[in-house]
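Residue numbers (our numbering): -14 to 57.
Written below as structure tokens is the structure these notes are about.
Structure follows, in structure tokens:
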């Protein structure tokens, strides 16, 4: 029997969003989660946009964003 080829949706560039440009990252400037978003951007750049490699960074950003959304 032939081995089944596994499909990784996170790995397919056609299912991924483009990374924010340098000019769009400035929109997070001065925002409560700015420092966490910077770590997300660094991780995404380091891993060529592969979200699966930056799950902990994205989770930290999500939690920060949720915390600050409640406090507004």
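Even glycine gets a Cβ: it sits at the ideal position worked out from N, Cα and C.
- The Cβ atoms of residue 18 and residue 28 lie no closer than 8 Å to each other.
- For the pair residue 33 and residue 25, the Cα-to-Cα distance works out to about 12 Å.
- Classified as buried, residue 42 has 16 or more neighbouring CB atoms from the shown chains inside 10 Å of its CB.
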